Amino acid sequence: MSEIKIPILDLSTEVELLWDELNAAFEAVVRSGRFIMGPQVREFEEAVAAMLGVKHVIGLNSGTDALVLALRALGVGAGDEVITTPFSFFATAEAIHHMGARPVFVDIDPQTFNIDVAQVAAAITPRTRAIIPVHLFGQMADMDELMHLARQRGIAVVEDAAQAFGATYRGRYAGTMGVAGAFSAYPTKNLGAYGDAGFLATNDDGIAEAVSMLRKHGSRRKYYNEAVGYNSRLDTLQAAILQVKLPHIPAWNALRREAAARYDELLANMPQVVTPFAAPEREHIYHQYTIRLKGVDRDRVKALLAEAGIGTMIYYPVPMHQLPMYAGQDWHLPQAE
1312 MSEIKIPILD
1322 LSTEVELLWD
1332 ELNAAFEAVV
1342 RSGRFIMGPQ
1352 VREFEEAVAA
1362 MLGVKHVIGL
1372 NSGTDALVLA
1382 LRALGVGAGD
1392 EVITTPFSFF
1402 ATAEAIHHMG
1412 ARPVFVDIDP
1422 QTFNIDVAQV
1432 AAAITPRTRA
1442 IIPVHLFGQM
1452 ADMDELMHLA
1462 RQRGIAVVED
1472 AAQAFGATYR
1482 GRYAGTMGVA
1492 GAFSAYPTKN
1502 LGAYGDAGFL
1512 ATNDDGIAEA
1522 VSMLRKHGSR
1532 RKYYNEAVGY
1542 NSRLDTLQAA
1552 ILQVKLPHIP
1562 AWNALRREAA
1572 ARYDELLANM
1582 PQVVTPFAAP
1592 EREHIYHQYT
1602 IRLKGVDRDR
1612 VKALLAEAGI
1622 GTMIYYPVPM
1632 HQLPMYAGQD
1642 WHLPQAE
């Protein structure tokens, strides 16, 4: 196989660009000796809250924990149902399972790959406690329709904004329209740490207080534990790295949109290629530029690109409802498949 000369992701350019700032941030943390909940954590939380226009941001050690703690703060538990998409990374469903609840998968919009709100409405039962839309590949779900439905039925919406930091819907940021927004800062994300990291955004004081307590083993004061919590704190080093990157996100997301527009232009005359649909009321940040192929063998195209030194990935090879743990359950989700 040929060497991949154009990888699907190359973080080295970003590192070179920020090298001096990153070194300074790293040195400040190391010299302080405050590796757990140092001041950089709070500074990062406040900076993100200001950018998103929310009251609270709580730094956590992963996007998965952001989902888990949001559901825990809402009181989701055994016997409850949470509606979500089958077309996402497994962490979305995994968080629901951790609560003892049941994920209810509904089909997706074939244009945006996001959850189909009409299917959500049909899936609501008396046991439905929450809905988790995933803003997939950097484009937000149809939040006006979803929030209208959720308000009508008295159901909480927790946004999985792991892939959508900086994306907007009618001028509102991903992660700010539901009762809480869960973000991942995994290294591959548009805003990525150099290890596991994540955070939660909310305007709800009660959720913010609960998540802040739960991330520290269920304690507000050290050794005075009020609940069985988690070890979910954001490392100070990761917060410092994210602080360095945060001011660059608007420009970096704009560059992604420019690159996507160029791809759209170059692929416009290829009927076998379906380029990403970007809804006009939503600002797509292109965490991934995802194409579909018509009338050609996908795996063959992937192999030919690899021979040319161009990296690609399949997102996602198996929709969640087809994973072994859901065998025997009767799901009819043709768009996700």
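Be aware that the sequence shown starts at 1312, since it is given in our numbering, and climbs by one per residue. Glycine residues also receive a C-beta, built at the ideal position from the N, C-alpha and C atoms. These numbers come from a predicted model, not from an experiment.
Query raised in the report: Are the region 1437-1454 and the region 1467-1480 touching by the rule of at least three beta carbon pairs closer than 8 angstroms?
Result: yes
Query raised in the report: Nearest-angstrom Cα distance between residue 1431 and residue 1605?
Result: Taking the first residue of the sequence shown as 1, we reach residue 1431 at position 120. Taking the first residue of the sequence shown as 1, we reach residue 1605 at position 294. Distance between the alpha carbons of residue 1431 and residue 1605 is about 28 angstroms.
Requested in this report: Verify the contact flag: residue 1629, CB atom, against every heavy atom of the ligand HEM, threshold strictly below 7 angstroms.
Outcome: Among the ligands in the structure shown, none appear at all, so the ligand HEM cannot be discussed.
Query raised in the report: Any idea if residue 1567 is buried or exposed, counting beta-carbon neighbours within 10 angstroms, 16 or more meaning buried?
Result: Here the question's residue 1567 lines up with position 256 in the sequence shown. Result: buried.
Query raised in the report: Does the count of Cβ pairs from the region 1568-1582 and the region 1408-1428 closer than 8 angstroms reach three?
Result: no
Query - C-beta contact flag for residue 1411 and residue 1386 at 8 angstroms - result: Taking the sequence shown and counting its residues from 1, one reaches residue 1411 at position 100. Taking the sequence shown and counting its residues from 1, one reaches residue 1386 at position 75. No, Cβ-Cβ distance for residue 1411 and residue 1386 is not below 8 angstroms.
**Report entry** residue 1542, DSSP secondary structure in three states
**Finding:** Counting from 1 along the sequence shown, the entry for residue 1542 is found at position 231. Correct three-state label for residue 1542: strand.
Requested in this report: Put residue 1527 into one of helix, strand or coil per three-state DSSP.
Outcome: Here residue 1527 refers to the residue found at position 216 when the sequence shown is read from its first residue. DSSP places residue 1527 in strand when its eight states are reduced to three.
Query raised in the report: Given that a residue counts as buried once 16 or more other Cβ atoms are within 10 Å of its Cβ, and exposed if not, what is residue 1327?
Result: Here residue 1327 corresponds to residue number 16 of the sequence shown, with the count starting at 1. Label assigned to residue 1327: exposed.
Query raised in the report: Using a Cβ-Cβ cut-off of 8 angstroms (strictly less than) and excluding sequence neighbours within five positions of residue 1317, which residues of its own chain qualify?
Result: The count along the sequence shown starts at 1 and reaches residue 1317 at position 6. These residues qualify, in order along the chain: 1620, 1621, 1622.
Report task. Please say whether residue 1589 and residue 1398 have beta carbons closer to each other than 8 angstroms? Result -> For the purposes of this step, residue 1398 is taken as residue 87 along the sequence shown, with counting starting at 1. For the purposes of this step, residue 1589 is taken as residue 278 along the sequence shown, with counting starting at 1. The answer is no: Cβ separation not under 8 angstroms.
Requested in this report: Going by CA-CA distance only, name the one from 1596, 1598, 1530, 1583 that's closest to residue 1608.
Outcome: Position 297 of the sequence shown, counting from 1, holds the residue named residue 1608. Answer by Cα proximity: 1583.
Query raised in the report: For residue 1642, which residues of its own chain have a beta-carbon under 7 angstroms away from its beta-carbon, when the five flanking residues on both sides are left out?
Result: On the sequence shown, position 331 is the one that residue 1642 refers to. Once the five neighbours on either side are set aside, the close Cβ partners of residue 1642 are 1416, 1632.
Report task. Kindly list the residues whose CB is nearer than 6 angstroms to the CB of residue 1366, restricted to its own chain and excluding five residues on each side of it in sequence; keep chain order. Result -> Position 55 of the sequence shown holds residue 1366. Here the set comprises 1514.
Query raised in the report: From residue 1545 to residue 1598, what distance separates their C-alpha atoms?
Result: Position 234 of the sequence shown, counted from the start, is the residue given in the question as residue 1545. Position 287 of the sequence shown, counted from the start, is the residue given in the question as residue 1598. Rounded to the nearest angstrom, the two C-alpha atoms are 22 angstroms apart.
Query raised in the report: Distance, Cα to Cα, residue 1336 vs residue 1486?
Result: As a position in the sequence shown, residue 1336 is number 25, starting the count at 1. As a position in the sequence shown, residue 1486 is number 175, starting the count at 1. The alpha-carbon atoms of residue 1336 and residue 1486 are separated by roughly 27 angstroms.
Query - Residues that DSSP places opposite residue 1468 in a beta bridge - result: Looking up residue 1468 in the sequence shown gives position 157. Paired residue(s): 1442.
Query raised in the report: Where does residue 1439 land, buried or exposed, given buried means 16+ other C-beta within 10 angstroms?
Result: Stepping through the sequence shown from its first residue, residue 1439 is reached at position 128. So residue 1439 counts as buried.
Query raised in the report: What's the C-alpha gap between residue 1629 and residue 1577?
Result: Start at 1 with the first residue of the sequence shown, and residue 1629 comes out as number 318. Start at 1 with the first residue of the sequence shown, and residue 1577 comes out as number 266. Taking the straight line joining both Cα atoms gives about 29 angstroms.
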